[in-house]
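S.K.: Following this message is one structure expressed as structure tokens.
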Amino acid sequence: MAHKIAILGASGYTGAELVRLISQHPAIEIVALSADRKAGLEMAQVFPHLRHLILPTLCKIDEIDFSQIDLCFCALPHKTSQDVILALPKTLKIVDLSADFRLRSLSEYEKWYGNPHSAPDLQAEAVYGLTEFYRDDIAAARLVAGTGCNAAAGQFALRPLVSAGVIDLDDIILDLKCAVSGAGRSLKEGLLHAELSEGYNAYAVGGTHRHLGEFDQEFSILAGRPVQIQFTPHLMPANRGILATAYVKGDAQNIHNTFAAAYGDEPFIDLLPLGESPSTHHVRGSNFCHIGVTADRIKGRAIIVAALDNLTKGSSGQALQNANLMLGEDETTGLMMAPLFP
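Okay, so the sequence shown: first residue is 211 according to my numbering, each after it adds one.
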């Protein structure tokens, strides 16, 4: 018997990516798809690349009968998500792809997102959805908060090193490049082709990016003391992909060995041979993350590069990985497709 699921916010990029992934899942059936302005349309009208699939017509959220649904993916904007989830049945399993339940502290949430949390009890219940590090908690959870795509890439590059204490925790620089789909599908002037293509720019410079809240939270928990990193994201003129470059103080061979121990049995994390660096080309459209470690010319310093697809491993693929655990399915089901190249 297939698990019946709904996707709220199916007209966005992460919603469409969920549909693409789930269409190949042998144990999940999509029974409801919601949209706001596009309610009443067929999915093929909104995303012609999905026209080969037989899918429910897009509808309003209040038209969905959640009593018939086993799990709901919530791919709605920040702030909207918490209000919608608050009104859903309390027994419904939910994977939220927004930022609304990622931060454990109410004050930290308000600091980074600019408004009080409207569902504090749910926030306390939510499990952080970085699958490789919260696997057991996710399997037992009712509400899982998917990570930010930038936050996921940075944590894959740094978490094992923070845990093992093999780098200087007071001298971490993370330089990250993210494709334009990470900004969502809403129309924005700065994302027009004429304004974005042939260019490359930093944004949220000086420590204002909201995903810093996740880095502060997670690295400090691992270290048992406050840890803050320098982090600058850059927008690159590409549709998909994140390339995260971390500059750290530590021995490159020791760092590589630490990654090998941490990720040796992980199906979606590939550690490259020492001295090799990954490319976003080699993970595009997949749920894989590639990590490379190189010794710097300055003794005692190393460079770590992590690459993943922001829409798949950074968002919708991660969400399906979590849902598999929550539904008692094998974690890799529907997610072992090879990357697209070129």
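Quick reminder that beta carbons are idealized off the backbone N, C-alpha and C, glycines included.
Would you verify that the beta carbon of C388 is, or is not, closer than 7 Å to some beta carbon of chain D?
M.R.: Absent here is chain D; the protein component of the structure consists of one chain.
S.K.: Unbroken alpha helix (DSSP H) runs of length 4 or more, entirely within the region 419-449: which are they?
M.R.: Fully enclosed alpha helix (DSSP H) runs of 4 or longer: 422-433.
S.K.: Under a Cβ-count criterion, where at least 16 other Cβ atoms within 10 Å of its own Cβ denotes burial, should Q234 be classed as buried or exposed?
M.R.: Taking the first residue of the sequence shown as position 1, residue 234 is located at position 24. Label assigned to Q234: exposed.
S.K.: In terms of residues, what are the limits of the alpha helix (DSSP H) holding T224?
M.R.: Position 14 of the sequence shown holds residue 224. Start and end: Y223 to I232.
S.K.: Within 8 Å, do at least three Cβ pairs link the region 324-334 to the region 409-417?
M.R.: The answer is no - the region 324-334 does not touch the region 409-417, with fewer than three Cβ pairs under 8 Å.
S.K.: If you drop the 5 nearest sequence neighbours on each side, which residues of the same chain put their C-beta closer than 7 Å to that of A505?
M.R.: Taking the sequence shown and counting its residues from 1, one reaches residue 505 at position 295. Hits under 7 Å: A462 and A512.
S.K.: Decide if L296 is buried, meaning its Cβ has at least 16 other Cβ atoms within 10 Å, or exposed.
M.R.: Here residue 296 refers to the residue found at position 86 when the sequence shown is read from its first residue. It counts as exposed.
S.K.: First and last residue of the alpha helix (DSSP H) that includes E342?
M.R.: Sequence index remark: in the sequence shown, residue 342 carries index 132 (1-based). Note, E342: alpha helix (DSSP H), T341 to A349.
S.K.: How close, in whole Å, do the beta carbons of A361 and F283 come, if the pair is a contact with beta carbons under 8 Å?
M.R.: Start at 1 with the first residue of the sequence shown, and residue 361 comes out as number 151. Start at 1 with the first residue of the sequence shown, and residue 283 comes out as number 73. Wrong, their Cβ atoms sit about 19 Å apart, outside the cutoff.
S.K.: T418: buried (16+ other C-beta within 10 angstroms of its C-beta) or exposed?
M.R.: Against the sequence shown, residue 418 aligns to sequence position 208. T418 is exposed by the Cβ-count criterion.
S.K.: Quick one: grab the DSSP three-state call for L482.
M.R.: Reading the sequence shown from its first residue, position 272 is the one you call residue 482. Residue state, collapsed to three classes: coil.
S.K.: Tell me the residue span of the beta strand (DSSP E) that contains D461.
M.R.: Locating residue 461 in the sequence shown gives position 251, where the first residue counts as 1. Neither: D461 is in no beta strand (DSSP E) and is coded neither H nor E.
S.K.: Measuring alpha carbon to alpha carbon, tell me which residue in T357, K248, I431 and R314 is nearest D532.
M.R.: As a first step, residue 532 is located in the sequence shown; it is residue number 322 there, counting from the start. Correcting the residue type first, residue 532 is Asn in the shown sequence and not Asp. Among T357, K248, I431 and R314, the Cα nearest to that of N532 is on T357.
S.K.: Opposite L353 in the DSSP bridges: which residues?
M.R.: Walking along the sequence shown from the start, residue 353 turns up at place 143. Note: L353 sits in a beta bridge opposite I304.
S.K.: Buried or exposed: Y319, going by 16 or more other Cβ atoms within 10 Å of its Cβ?
M.R.: Looking up residue 319 in the sequence shown gives position 109. That one is buried.
S.K.: Would you give the residue range spanned by the beta strand (DSSP E) that A242 belongs to?
M.R.: On the sequence shown, residue 242 is found 32 positions in, with the first residue counted as 1. Note, A242: beta strand (DSSP E), I238 to S244.
S.K.: Terminal residues of the continuous alpha helix (DSSP H) containing V256?
M.R.: Locating residue 256 in the sequence shown gives position 46, counting from the first residue. Segment M253 to V256, the alpha helix (DSSP H) holding V256.
S.K.: Note down, in chain order, each residue of its chain lying with its Cβ closer than 6 Å to the Cβ of I383, except the 5 sequence neighbours on either side.
M.R.: Sequence index remark: in the sequence shown, residue 383 carries index 173 (1-based). Cβ within range, chain order: Q440 and Y457.
S.K.: Provide the residue(s) that pair with D331 in DSSP beta bridges, ordered along the chain.
M.R.: Your numbering for residue 331 matches position 121 in the sequence shown. Bridge partners of D331: none, in fact.
S.K.: Would DSSP call Q410 helix, strand or coil?
M.R.: Within the sequence shown, residue 410 is the residue found at index 200, counting from 1. Correcting the residue type first, residue 410 is Tyr in the shown sequence and not Gln. Coil, per DSSP.
S.K.: Are the CB atoms of A367 and I514 nearer to each other than 7 Å?
M.R.: The count along the sequence shown starts at 1 and reaches residue 367 at position 157. The count along the sequence shown starts at 1 and reaches residue 514 at position 304. The answer is yes: Cβ separation under 7 Å.
S.K.: Taking G502 as part of the alpha helix (DSSP H), name the residues at either end of that continuous run.
M.R.: Translated into positions along the sequence shown, residue 502 becomes position 292. Looking at the DSSP string, G502 is not in any alpha helix (DSSP H); the run it does join, the beta strand (DSSP E), is C499 to A505.
S.K.: In this structure, how does DSSP classify T290 when only helix, strand and coil are distinguished?
M.R.: The sequence position of residue 290 within the sequence shown is 80, counting from 1. Of the three classes helix, strand and coil, the one that applies to T290 here is helix, per DSSP.
S.K.: Who pairs with K214 in a beta bridge, going by DSSP?
M.R.: The residue given as residue 214 occupies position 4 in the sequence shown. For K214, which the question treats as bridged, DSSP gives the partners E239.
S.K.: Counting C-beta neighbours from all protein chains within 10 Å, is the total for H421 16 or more, i.e. buried, or is it exposed?
M.R.: The residue you call residue 421 lines up with position 211 of the sequence shown. Label assigned to H421: buried.
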